[in-house]
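Mind the numbering: the sequence shown is residues 23 to 347 in my numbering, read in order.
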Amino acid sequence: MRVLSGIQPSGKLHLGNYFGAMQQYLELQSKGNDCYYFIANYHALTTVNDRKTLEDYTREIAIGYLAVGIDPTKSVFFRHSDVPEVCELAWIFSCITPMGLLERCVSYKDKVAQGISANHGLFAYPVLQAADIIIYQSNLVPVGQDQKQHLEVTRDIAIKFNNIFGEDLLVVPEPYIISDVAVVPGLDGQKMSKSYDNTIELFTPKNQTKKKIMRIETDSTPMEDPKDPDTCRVFALIKLLATKEEQNNWRDRYTQGGMGYGDVKKRLVELVNELLDPFRDKFAELEKDPDTVEDILREGGKKARTTAQETMEIVRKATGIMTNY
Ligand code: ADP
Ligand code: TRP
Numbered sequence: 023m024r025v026l027s028g029i030q031p032s033g034k035l036h037l038g039n040y041f042g043a044m045q046q047y048l049e050l051q052s053k054g055n056d057c058y059y060f061i062a063n064y065h066a067l068t069t070v071n072d073r074k075t076l077e078d079y080t081r082e083i084a085i086g087y088l089a090v091g092i093d094p095t096k097s098v099f100f101r102h103s104d105v106p107e108v109c110e111l112a113w114i115f116s117c118i119t120p121m122g123l124l125e126r127c128v129s130y131k132d133k134v135a136q137g138i139s140a141n142h143g144l145f146a147y148p149v150l151q152a153a154d155i156i157i158y159q160s161n162l163v164p165v166g167q168d169q170k171q172h173l174e175v176t177r178d179i180a181i182k183f184n185n186i187f188g189e190d191l192l193v194v195p196e197p198y199i200i201s202d203v204a205v206v207p208g209l210d211g212q213k214m215s216k217s218y219d220n221t222i223e224l225f226t227p228k229n230q231t232k233k234k235i236m237r238i239e240t241d242s243t244p245m246e247d248p249k250d251p252d253t254c255r256v257f258a259l260i261k262l263l264a265t266k267e268e269q270n271n272w273r274d275r276y277t278q279g280g281m282g283y284g285d286v287k288k289r290l291v292e293l294v295n296e297l298l299d300p301f302r303d304k305f306a307e308l309e310k311d312p313d314t315v316e317d318i319l320r321e322g323g324k325k326a327r328t329t330a331q332e333t334m335e336i337v338r339k340a341t342g343i344m345t346n347y
């Protein structure tokens with residue numbers, strides 16, 4: 023089964039990304055699938071218009087995914103821009119994509135509502151995403167709920183292409199919606215997201231993580247009084263990281279009274295560190311060795327490009343686009 027997913031290098035990785043995406047990628051990798059994971063830097067360019075920022079994010083995502091466990095001997099791990107054919111396919115798809123299909127996409131509307139400038143790349147984003155997926159003849163695409171509509175657009179484009187140019191030329195992919203993972207709450211109780219500045223980042227120094235956790239807002243119930251775990255932002259994060267048994271112990275301590283929020287925050291700091299320390303160590307190791315990271319991306323890019331070129335031969339032939347290479 024060919025599995026493919028893209029990760030936008032448009033911010034720093036956080037616990038929401040880990041529980042809501044990275045863990046599932048690793049699980050699919052461990053089950054012996056033919057996984058392709060790539061850093062979607064062409065997509066990030068729709069919102070990041072600063073050279074250094076885009077380069078830094080791209081590097082951090084590459085090292086971050088490797089540190090957390092993407093294994094280049096098992097998965098093809100690469101950069102979007104190492105397969106330029108994907109832009110060619112996006113253009114070909116643009117020519118068969120009805121405007122109405124893109125006009126209905128809520129992600130575009132949401133981004134514009136957030137104040138991001140309405141450039142053509144942002145509008146055409148789902149077409150490039152369809153090319154990303156279809157160029158590798160992918161069967162399964164693990165994505166968060168927010169990407170469901172883009173997957174529907176991808177399927178519509180693949181079906182339309184096959185209807186116009188020849189049945190079964192392109193694989194129509196299936197989404198694999200990562201929905202069993204509840205939305206990871208941020209430090210302010212909203213969905214953890216880089217846009218809300220409420221994240222616990224995977225790779226910032228430990229003392230900063232501690233400071234952020236110790237500053238989580240809690241209510242002013244006096245120490246002796248019972249407290250409600252289900253409305254507490256700290257407990258929401260404990261639930262993500264602690265064993266069931268420990269969660270129940272904390273629940274009892276909340277409801278019995280006599281527990282200070284400082285205690286549970288300190289435990290949260292420990293739990294976050296237990297999870298992140300091995301990733302941070304690996305990250306630091308890889309950061310010192312940029313050549314190895316670049317070699318991994320280059321090798322991944324080569325493999326991905328070979329697959330992409332096979333699809334492009336089929337596509338060019340079917341559409342009548344002639345080339346001399
Ligand atoms: P952000 O909201 O910080 O911009 P992205 O949209 O870049 O995050 O996230 C990439 C993927 O990470 C999403 O498609 C989703 O699968 C996952 N993800 C991000 N934040 C969360 C969260 N708070 N809870 C669960 N999953 C999340
Ligand atoms: N749009 C996806 C996101 O924001 C990233 C992405 C780009 C992607 N191309 C893809 C995901 C192809 C899956 C398949 O999360």
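Where a beta carbon is used, it is the ideal one built from N, C-alpha and C, also for glycine.
On a CA-only basis, which of the options is nearest residue i? Give me that one, please.
i: ARG338; options: TYR64, LEU173 and ILE114; result: ILE114
i: ALA264; options: GLU239, LEU290 and GLY282; result: LEU290
i: THR226; options: PHE305, CYS117, ASP317 and LEU144; result: PHE305
i: ASP252; options: MET236, ALA112, GLN269 and ALA326; result: GLN269
i: TYR87; options: VAL193, PHE41 and PHE187; result: PHE41
i: SER201; options: GLY28, GLY38, SER160 and VAL256; result: GLY38
i: ILE118; options: ILE260, TYR347, ASN185 and LEU35; result: ASN185
i: MET44; options: SER116, GLN212, CYS109 and ASP93; result: ASP93
i: ILE138; options: ARG273, ILE222, ASN71 and GLU174; result: ASN71
i: THR243; options: THR277, LEU50, TRP272 and CYS127; result: THR277
i: PHE183; options: LEU111, ASP219 and LEU209; result: LEU111
i: VAL194; options: GLU174, GLY208 and GLY211; result: GLU174
i: LYS228; options: GLU77, GLU292, LYS266 and GLN167; result: GLU292
i: ILE179; options: GLY282, GLN331, SER116 and ARG273; result: SER116
i: GLN331; options: ASP303, GLU321, TYR347 and TRP272; result: TYR347
i: GLN169; options: SER217, ASP274, LYS233 and ASP132; result: ASP132
i: LEU313; options: ARG81, GLU335 and LEU35; result: According to the sequence as given, residue 313 is Asp; it is not Leu. Nearest of ARG81, GLU335 and LEU35 to ASP313, Cα basis: ARG81.
i: ASP317; options: ASN220, THR95 and GLN167; result: THR95
In or out: residue i buried (at least 16 other Cβ within 10 Å) or exposed?
i: GLN230; result: exposed
i: CYS254; result: buried
i: VAL149; result: buried
i: GLN46; result: buried
i: LYS249; result: buried
i: MET344; result: exposed
i: ASP154; result: buried
i: THR333; result: buried
i: HIS102; result: buried
i: ILE181; result: exposed
i: HIS142; result: exposed
i: GLU125; result: exposed
i: SER160; result: buried
i: ALA62; result: buried
i: ASN220; result: buried
Measure the CB-CB distance between residue i and residue j and report whether it falls below 8 angstroms.
i: VAL205; j: LEU262; result: no
i: TYR58; j: VAL90; result: no
i: VAL163; j: PRO197; result: yes
i: HIS172; j: SER215; result: no
i: TYR79; j: GLY33; result: yes
i: ALA146; j: THR176; result: no
i: GLY323; j: ASP104; result: yes
i: ILE157; j: GLU189; result: no
i: LEU308; j: PHE100; result: no
i: THR68; j: LEU144; result: yes
i: GLN30; j: ALA66; result: yes
i: PHE301; j: LEU224; result: yes
i: GLY280; j: GLU246; result: yes
i: VAL98; j: LYS325; result: yes
i: ILE336; j: VAL294; result: no
i: THR329; j: PHE187; result: no
Return the bridge partner residues of residue i from the DSSP annotation.
i: VAL98; result: TYR58
i: VAL25; result: CYS57 and LEU162
i: LYS339; result: LYS339 pairs with nothing; no bridge assigned.
i: HIS36; result: GLU223
i: PRO207; result: LYS213
Would you kindly report the start and end of the unbroken beta strand (DSSP E) that includes residue i?
i: GLU223; result: Element bounds for GLU223: n/a, residue is neither H nor E.
i: PRO164; result: 162 to 165
i: GLU239; result: Neither: GLU239 is in no beta strand (DSSP E) and is coded neither H nor E.
i: TYR198; result: 196 to 199
What residue range is occupied by the uninterrupted alpha helix (DSSP H) comprising residue i?
i: GLU308; result: Position check: residue 308 holds Leu in this sequence, whereas Glu was assumed. Residues 283 to 309.
i: VAL128; result: 128 to 135
i: GLN46; result: 45 to 52
i: ASP252; result: Run containing ASP252: none; DSSP gives neither H nor E here.
i: VAL149; result: 142 to 156
i: SER103; result: Taken as a continuous stretch (DSSP letters only), SER103 belongs to no alpha helix (DSSP H), as it is neither H nor E.
i: THR75; result: 73 to 90
i: VAL193; result: Where VAL193 is concerned, there is no enclosing alpha helix (DSSP H), given that its DSSP letter is neither H nor E.
i: GLY280; result: Taken as a continuous stretch (DSSP letters only), GLY280 belongs to no alpha helix (DSSP H), as it is neither H nor E.
i: LEU123; result: 121 to 125
i: ASN346; result: It is not in any alpha helix (DSSP H) - ASN346 carries neither H nor E in the DSSP assignment.
i: ALA66; result: 63 to 66
Distance cutoff 8 angstroms, beta carbons only. Does residue i sit that close to anything in chain C?
i: LYS249; result: The structure shown contains no chain C; it holds only a single protein chain.
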